[in-house]
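Residue numbers (the working numbering): 254 to 317.
Beta carbons: idealized from backbone N, C-alpha and C, even for Gly.
Take a look at the structure set out below.
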């Protein structure tokens with residue numbers, strides 16, 4: 254068995270789920286890459302996109 258089998262992050266398809274999936278994929282890529290191959294710029298961009306989308310979703314939910 255691989256470590257990946259135990260490290261699952263499941264995202265329900267609500268709110269900014271596409272942005273969350275993209276961020277999770279970046280996290281997985283970081284975990285599988287060597288130190289030299291890690292792409293922190295792409296990870297930070299995906300995180301920024303997710304945080305912005307989550308902020309908008311939360312505001313919309315609270316404003317009802």
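- Answer yes if the stretch 293-306 comes into contact with the stretch 271-280, meaning at least three C-beta pairs across the two stretches below 8 Å, and no otherwise. When Cβ pairs closer than 8 Å are counted between the two stretches, the stretch 271-280 is seen to touch the stretch 293-306, the count reaching three or more.
- Query: CB-CB under 8 Å to residue 384, same chain, minus the five flanking residues each way: which ones, in chain order?
  - Reply: Only positions 254 to 317 of the chain appear in the structure, and residue 384 is not among them; the question remains open.
- Please state whether DSSP places residue 264 in a helix, a strand or coil. For residue 264, the secondary structure class from DSSP, reduced to helix, strand or coil, is coil.
- Message: What would DSSP say about residue 305, mapped onto helix, strand or coil?
- Response: In the structure shown, residue 305 sits in a helix (DSSP, three-state: H, G or I).
- Message: Is the beta carbon of residue 266 closer than 7 Å to that of residue 310?
- Response: Cβ distance not < 7 Å, so residue 310 and residue 266 don't count as in contact.
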